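Protein chains in written order, with this note's numbering: chain A, 79 to 307; chain B, 38 to 440. Every residue, glycine too, gets a C-beta built ideally from N, C-alpha and C. Just so you know, these numbers come straight off a predicted model, no measurement behind them.
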Amino acid sequence: MRYLLADHAAALIDRIIMDQIPAGSRVLDLGCGDGRLLCRLRDEMDASIQGVERDPKAVIAAISKGVPVIQADLDQGLDEIPDHAFDYAVLSQTLQQVIQPENVVNEMLRAAQRAIVVVPNFGHWRIRLQILVNGRVPITSELPYDWYNTPNLHFLTMIDFRALTERLQLRIVRELPIVGGVAKAGLQLANLRAESALFVLERMTNEVIPITIPEPQKPATEIESDSAV
Amino acid sequence: MTLASAPPLPRDDRSVGIVSTKLIDLFSGESPLKLESGVELGLVRVAYETYGQLNEDASNAIYICHALTGDAHVAGKHSPESKKAGWWDGMVGPGKTFDTNRFFVICSNVLGGCKGTTGPCSTNPATGKPWGSTFPFITIGDMVEVHAQLVRSLGIRKLLAVVGGSLGGMMALDWAARFPDMAHAIVGLATSARLTAQGIAFNAVGRRAIYADPNYKNGDYYDGEGPKFGLALARMIAHITYLSETSIERKFGRKLQNSDQLGYVLQQEIEFQVESYLHYQGQRFVERFDANCYLYLTRAMDYFDISQKYGSIGAALGQTAARFFLCSYSSDWLFPPSQSREIVTALLGAGKNVTYLELESVKGHDSFLLELEELESLLKPFLSSISSEVMSLASTRSGGSHR
């Protein structure tokens, strides 16, 4: 699922994710692709690993690497994963591609004690400038797609993501702005300068906040009388 | 990787060739087989076939467990004149999924079967007559005990993988629970940890068909014709459960067998093609299968519930360090995907990891016998990764012992 980044950049992000996970943890990678990150977690950090991936070719690639993988679509829910079966659930560069990001974040913190989410930051100054100057949807190395062929369904900034965690009553354990594949803890004006950001999340309460469902439109009374004709 | 780069041979050139079924006597003398029912069974004859070569440290063996009416003859032909190859010939052979150039593949007929392994149609040594309905009650666990004993007798301590579809998958799961240190991997296709009520119901109807046949004679029919009609009917019913609504519709639709018009004659039993097909399947089955065996094996299937003995599916499967590969088929309503997902959930809850795919197929429960290309694309890399893990483990060990 990670169509977004070139291999080198992805490896840098993987490194930043690995730095958040204690050795020997039980890790679930959602949208694990060919299992690259999980392989490293297994080989270098003795982690117990499990992948979830939708794309059939990526699933085969993961199996070839000896990575256990469940073929599933994140938007269809993760019903087969029991509550708190994992220490960490990882979702790297994928949240903006699912239909129901809110639901997926909730599911991550049902399946695992902690969630690690990496999202591209749409608030980066270069993106803002492109819209302002060109008047067109921006294309950057982080978001290298035209509007009509992008796998990215949602565009969010770091501030937007923080707002979501607040809504879902999640504690941000760690927030790492990423610039040029390097984590910059405590970066000033991060929402303007970070290309992407990593968040480590955990639940504040045991209560699951229901996802937002748009209020159903009340049918107007005139329409009702029309339909009787 | 070398496999992937080699040009694939045409299917026929990848046959294991002419094979023969071997016989071995197990549990003889002072160590009879203790069945789950408590009864002891001395001397169990097992019919089995093997393909490929067992390597020096006996680390390349894969055990295939057959389904309800299968047998030890998985691949190749018994003679050059044989019309049909083994039941999973597409999967076992040089360069195939279970690559006989690399792996030593074993399959045996199950305990209670009628293809050479001791079962109700074998002779009871105490009476000199066929066991018939006096054959002791058997379970999936009993079958696995015999499989494991065969493996030990072949000088194998740990299998690379235990593989099975449907009832064979149940055996693979039971194996993982019963002998947690005997396999590096468990492969279960279109299987379940316990048969559904619907599955038991269909088995019950099949058994009733046999019981109701006047030639059944309480199971002691070996001097007569036997309950042919009952057995054929049981197979007709079961066969429907192996197909899907879509596959049966596509294959037959409402096509008529011998005419292009309806006959309006009630006595004409076969009008639609699907009727003709089912009758044919029933007749063919009677030629190759025994009614008592059908009763014993379907009952064993009904009884299977891996959670019952160990408390939960997770407790049953949590003891092994084996890697799990599970696969279900979207149109399978006899062993539906929900049952495979139940196993996945239990494994994850028990701290295990698992590879699981729900494959799209219209071919129903039979998909695992028919849709081999996709299965090959998944199982080949899975087996390769297990095999290289086992090899690197072995080399570390032998390296350590030299020091």
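Partners in chain B for A:Pro-160, counting only beta-carbon separations shorter than 7 angstroms: Start at 1 with the first residue of the first sequence, and residue 160 of chain A comes out as number 82. The answer, in chain order, is Thr-382, Leu-385 and Gly-386.
Supposed close pair B:Thr-137, B:Val-129 - CB separation, criterion 8 angstroms: The count along the second sequence starts at 1 and reaches residue 137 of chain B at position 100. The count along the second sequence starts at 1 and reaches residue 129 of chain B at position 92. Indeed they touch by this definition, with Cβ atoms about 7 angstroms apart.
Closer than 9 angstroms at the beta carbon, the chain A residues around B:Ser-422: Locating residue 422 of chain B in the second sequence gives position 385, where the first residue counts as 1. Neighbours of B:Ser-422 on chain A, chain order: Ile-141, Ser-142, Lys-143, Gly-144 and Val-145.
Paired residues, beta bridge with B:Pro-167 - DSSP: Within the second sequence, the letter at position 130 stands for residue 167 of chain B. Answer is B:Thr-160.
Chain B contacts made by the stretch 108-134 of chain A, where a contact means CB separation under 7 angstroms: Ser-126, Ile-127 and Gln-128
Euclidean distance between Cα positions of A:Met-96 and B:Leu-412: Numbered from its first residue, the first sequence carries residue 96 of chain A at position 18. Numbered from its first residue, the second sequence carries residue 412 of chain B at position 375. Each residue's alpha carbon lies about 33 angstroms from the other.
Chain B contact for A:Ala-275 (CB, 9 angstroms cutoff): Taking the first residue of the first sequence as 1, we reach residue 275 of chain A at position 197. Not one chain B Cβ lies under 9 angstroms of A:Ala-275.
Best match in A:Ala-163, A:Gln-128 and A:Ser-274 for proximity to A:Ile-94 [C-alpha to C-alpha]: Along the first sequence, read from residue 1 onward, the residue named residue 94 of chain A stands at position 16. Nearest C-alpha to A:Ile-94: A:Ser-274.
Nearest to B:Ala-359 (by Cα), restricted to the options B:Ala-214, B:Cys-102 and B:Glu-118: Counting from one through the second sequence, the residue named residue 359 of chain B turns up at place 322. Of the listed residues, the one whose Cα sits closest to B:Ala-359 is B:Ala-214.
Counterpart residues of B:Lys-71 in DSSP-defined beta bridges: Here residue 71 of chain B refers to the residue found at position 34 of the second sequence. DSSP, once it has assigned bridges, lists B:Glu-77 as partnering B:Lys-71.
Collapsed DSSP secondary structure at B:Asp-403 in the structure displayed: Counting from one through the second sequence, the residue named residue 403 of chain B turns up at place 366. Helix at B:Asp-403.
At least three beta-carbon pairs within less than 8 angstroms, the stretch 367-381 of chain B to the stretch 221-239 of chain B: yes
Boundaries (first-last residue) of the beta strand (DSSP E) holding A:Arg-249: As a first step, residue 249 of chain A is located in the first sequence; it is residue number 171 there, counting from the start. Note, A:Arg-249: beta strand (DSSP E), 248-257.
Beta carbon of B:Phe-405 nearer than 9 angstroms to that of B:Tyr-366: As a first step, residue 405 of chain B is located in the second sequence; it is residue number 368 there, counting from the start. As a first step, residue 366 of chain B is located in the second sequence; it is residue number 329 there, counting from the start. It is a contact, given that the beta carbons lie within the stated cut-off.
Proximal residues of chain B, C-beta to C-beta of A:Gln-149 below 8 angstroms: Your numbering for residue 149 of chain A matches position 71 in the first sequence. Going along chain B in sequence order, the residues near A:Gln-149 (Cβ under 8 angstroms) are Tyr-393, Leu-394 and Glu-395.
Proximal residues to A:Arg-249 (C-beta, below 6 angstroms), its chain only, five neighbours per side dropped: As a first step, residue 249 of chain A must be located in the first sequence, where it is residue number 171. Excluding residues within five positions, the ones whose Cβ falls inside 6 angstroms are Glu-280 and Met-282.
Contained beta strand (DSSP E) runs [length at least 3] in the stretch 141-175 of chain A, N- to C-terminal order: 147-149 and 164-170
C-beta atoms of B:Ala-185 and B:Ile-223 nearer than 9 angstroms: Residue 185 of chain B sits at position 148 when you count from the first residue of the second sequence. Residue 223 of chain B sits at position 186 when you count from the first residue of the second sequence. The answer is no: Cβ separation not under 9 angstroms.
Three-state secondary structure (DSSP) of B:Phe-419: Sequence index remark: in the second sequence, residue 419 of chain B carries index 382 (1-based). Correct three-state label for B:Phe-419: helix.
C-beta neighbour in chain A for B:Pro-418, strict 9 angstroms: The sequence position of residue 418 of chain B within the second sequence is 381, counting from 1. Judged by the 9 angstroms Cβ criterion, B:Pro-418 is in contact with chain A.
Per DSSP, cross-strand counterpart(s) of A:Pro-198: For the purposes of this step, residue 198 of chain A is identified with residue 120 of the first sequence, where counting begins at 1. According to DSSP, which records beta bridges pairwise, A:Pro-198 is partnered with A:Ser-274.
Unbroken alpha helix (DSSP H) run spanning A:Asp-121, endpoints: By one-based count along the first sequence, residue 121 of chain A stands at place 43. 114-123 is the span of the alpha helix (DSSP H), which, as asked, contains A:Asp-121.
Buried/exposed call for A:His-162, threshold 16 Cβ in 10 Å: Locating residue 162 of chain A in the first sequence gives position 84, where the first residue counts as 1. A:His-162 should be labelled exposed.
Chain B residues whose Cβ lies nearer than 9 angstroms to that of A:Val-137: Locating residue 137 of chain A in the first sequence gives position 59, counting from the first residue. Within 9 angstroms Cβ-Cβ: Thr-392, Leu-394 and Leu-415.
Integer-rounded CB distance, given that B:Val-83 should sit under 8 angstroms from B:Leu-63: Your numbering for residue 63 of chain B matches position 26 in the second sequence. Your numbering for residue 83 of chain B matches position 46 in the second sequence. At roughly 6 angstroms, the Cβ-Cβ gap stays under 8 angstroms, so B:Leu-63 and B:Val-83 are in contact.
Cutoff 9 angstroms: B:Arg-231 Cβ touching any chain A Cβ: To locate residue 231 of chain B, count along the second sequence from 1; it is residue 194. For B:Arg-231, the answer is no, since every Cβ of chain A falls outside 9 angstroms of its Cβ.
Buried versus exposed call for A:Ala-101 [16 or more other C-beta atoms within 10 Å across all chains shown]: As a first step, residue 101 of chain A must be located in the first sequence, where it is residue number 23. The residue in question, A:Ala-101, is exposed, as its Cβ has fewer than 16 Cβ neighbours within 10 Å.
Within chain B, the residues that A:Ala-163 reaches when beta carbons sit closer than 8 angstroms: Your numbering for residue 163 of chain A matches position 85 in the first sequence. Within 8 angstroms Cβ-Cβ: Leu-385, Gly-386 and Gly-388.
A:Tyr-166 burial status per 10 Å Cβ neighbour count (16 or more: buried): Taking the first residue of the first sequence as 1, we reach residue 166 of chain A at position 88. Buried: at least 16 other Cβ atoms inside 10 Å.
Contacts of A:Glu-104 in chain B (Cβ-Cβ under 9 angstroms): Sequence index remark: in the first sequence, residue 104 of chain A carries index 26 (1-based). The sequence given here places Arg at residue 104 of chain A; Glu does not occur at that position. The contacting residues are Gly-388 and Asn-390.
Any C-beta of chain A under 9 angstroms from that of B:Ser-441: No information on residue 441 of chain B is available, as it lies outside the stretch 38 to 440 that chain B covers here.
Among B:Ile-343, B:Ser-398 and B:Lys-120, the one whose alpha carbon lies nearest that of B:Asp-369: Counting from 1 along the second sequence, the entry for residue 369 of chain B is found at position 332. It is B:Ser-398.
Residue closest to B:Leu-334, alpha-carbon to alpha-carbon, out of B:Met-208, B:Leu-385 and B:Leu-270: For this step, residue 334 of chain B is matched to residue 297 along the second sequence. It is B:Met-208.
Three-state secondary structure assigned by DSSP to B:Arg-291: In the second sequence, counting from the first residue as 1, residue 291 of chain B sits at position 254. Three-state result, B:Arg-291: coil.
Element boundaries [alpha helix (DSSP H), containing B:Ser-375]: Working through the second sequence from its first residue, we reach residue 375 of chain B at position 338. That run of the alpha helix (DSSP H) goes 374-386.
Chain A contact residues for B:Arg-360, given Cβ-Cβ distances below 9 angstroms: If you number the second sequence from 1, residue 360 of chain B lands on position 323. Simply Gly-144 and Pro-146.
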